[in-house]
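Chemist: If you scroll down you'll find the structure; I have some questions about it.
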Amino acid sequence: MIYRDRVAQGRRARNEKPAEMAGAQAPEAQAQAAPAISRIQPIAHGPSLFEAAERVENDTLPRISEDLGECTRCKLHRQRNRIVFGAGNPHAELVFVGEGPGHDEDVQGLPFVGRAGQLLTQMIQAMGVTRDDVYICNVVKCRPPENRAPEKDEVATCMPFLLRQLTAIGPKVIVCLGTVAVQALLGTNKGISHFRGQWLDFRGARLMATYHPAYLLRNPHAKPEVWADLKKVMAELGLKPRR
Ligand code: SF4
Numbered sequence: 017m018i019y020r021d022r023v024a025q026g027r028r029a030r031n032e033k034p035a036e037m038a039g040a041q042a043p044e045a046q047a048q049a050a051p052a053i054s055r056i057q058p059i060a061h062g063p064s065l066f067e068a069a070e071r072v073e074n075d076t077l078p079r080i081s082e083d084l085g086e087c088t089r090c091k092l093h094r095q096r097n098r099i100v101f102g103a104g105n106p107h108a109e110l111v112f113v114g115e116g117p118g119h120d121e122d123v124q125g126l127p128f129v130g131r132a133g134q135l136l137t138q139m140i141q142a143m144g145v146t147r148d149d150v151y152i153c154n155v156v157k158c159r160p161p162e163n164r165a166p167e168k169d170e171v172a173t174c175m176p177f178l179l180r181q182l183t184a185i186g187p188k189v190i191v192c193l194g195t196v197a198v199q200a201l202l203g204t205n206k207g208i209s210h211f212r213g214q215w216l217d218f219r220g221a222r223l224m225a226t227y228h229p230a231y232l233l234r235n236p237h238a239k240p241e242v243w244a245d246l247k248k249v250m251a252e253l254g255l256k257p258r259r
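At the far end of the sequence shown sits residue 259, using the working numbering, and the numbering has no gaps.
Structure representation (structure tokens):
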């Protein structure tokens with residue numbers, strides 16, 4: 017069964033209409049969906065620093081967005097325009113996790129809509145799916161000033177919401193885009209080169225780390241390595257490359 021058929025079957029099982037863009041931008045649409053099936057998984061391997069993060073039974077993306085509110089929990093709220101909660105299929109088998117919003121994302125309130133986002137969109141389409149088939153989010157939901165990397169306290173403060181999102185979605189595969197994402201999810205200080213291209217376990221999902229699209233814009237010679245990583249993801253999910 018191909019990816020979209022599986023996702024559609026999941027929707028039918030939940031008696032849901034297709035939810036093309038789920039997240040902070042459309043909480044009403046999500047709220048109309050049937051309650052999500054509880055998919056809370058035991059931690060398969062526990063390298064995360066955030067194992068004590070709050071776990072909410074029968075959690076949903078609208079509920080998480082509501083709990084987040086107009087968040088001021090860390091200092092990143094001071095200069096943001098909009099919280100970038102995440103977007104895509106709330107029952108996606110494939111989730112991409114980036115670092116944090118940039119300028120365009122901060123303006124639009126949507127993840128990966130700038131130049132790096134356009135490249136990510138091309139990568140997703142090359143995998144034979146669309147942005148609406150997957151879910152895209154970031155480690156921190158507010159833009160760090162001057163596009164600096166988020167600091168440890170900011171990551172630690174925002175991380176419980178990402179973990180709740182991942183639990184609510186229940187993806188088969190999580191793709192970490194760049195060092196910040198892999199360090200945050202695995203609770204490590206090691207760089208992405210230690211993990212890139214290898215399958216790792218994360219809370220019952222399979223995790224693949226690869227380079228961030230922004231890195232590829234600066235280093236296009238690394239594109240074949242990323243494509244090799246994405247082909248492993250495609251094989252895992254039974255995806256066929258777009259012709
Ligand atoms: Fe809240 Fe996360 Fe934004 Fe910090 S980055 S203010 S924790 S939403």
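For each residue, glycine too, the CB sits at the ideal point set by N, CA and C.
Note that the structure is a prediction, hence the values are computed from the model and not measured.
Is the distance from the Cβ of Phe112 to the Cβ of Leu84 below 8 Å?
Modeler: Here residue 112 is taken as the residue at index 96 of the sequence shown, counted from 1. Here residue 84 is taken as the residue at index 68 of the sequence shown, counted from 1. No. Outside cutoff.
Chemist: Give me whichever residues DSSP pairs with Ala103 in a beta bridge.
Modeler: Walking along the sequence shown from the start, residue 103 turns up at place 87. Answer is Ile152.
Chemist: Bridge partners for Cys192 per DSSP, in chain order?
Modeler: Working through the sequence shown from its first residue, we reach residue 192 at position 176. Note: Cys192 sits in a beta bridge opposite Val113 and Ala225.
Chemist: Express the C-alpha separation of Arg94 and Thr88 in angstroms, rounding to a whole number.
Modeler: Along the sequence shown, one-based indexing puts residue 88 at 72. Along the sequence shown, one-based indexing puts residue 94 at 78. In a straight line, the C-alpha of Thr88 is about 8 Å away from that of Arg94.
Chemist: I think Tyr227 touches Gly194, with their Cβ atoms under 8 Å apart; what is that distance to the nearest whole Å?
Modeler: Here residue 227 is taken as the residue at index 211 of the sequence shown, counted from 1. Here residue 194 is taken as the residue at index 178 of the sequence shown, counted from 1. The Cβ separation is near 7 Å, so the contact holds.
Chemist: Tell me which same chain residues have a C-beta within less than 7 Å of the C-beta of Arg222, skipping the five on either side of it?
Modeler: In the sequence shown, residue 222 corresponds to position 206, counting from 1. Correct list, in chain order: Lys188, Val189, Trp215 and Glu252.
Chemist: Determine the contact status of Glu115 and Pro166, defining contact as a CB-CB distance below 8 Å.
Modeler: Counting from one through the sequence shown, the residue named residue 115 turns up at place 99. Counting from one through the sequence shown, the residue named residue 166 turns up at place 150. Their beta carbons are under 8 Å apart, which means Glu115 touches Pro166 by this criterion.
Chemist: Looking at C-alpha atoms only, which residue of Gly144, Val171 and Cys158 is the closest neighbour of Asp120?
Modeler: Within the sequence shown, numbered from 1, the residue matching residue 120 stands at position 104. For the residues Gly144, Val171 and Cys158, the minimum Cα distance to Asp120 belongs to Cys158.
Chemist: Assign Trp243 to one of three DSSP states: helix, strand, or coil.
Modeler: Counted from its first residue, the sequence shown places residue 243 at position 227. In this structure, Trp243 counts as helix in the three-state DSSP scheme.
Chemist: Hey, which residues come within less than 5 Å of the ligand SF4, measuring from Cβ to any heavy atom, in chain order?
Modeler: Qualifying residues come out as Cys87, Arg89, Cys90, Leu92, His93, Val156, Lys157, Cys158, Thr173 and Cys174.
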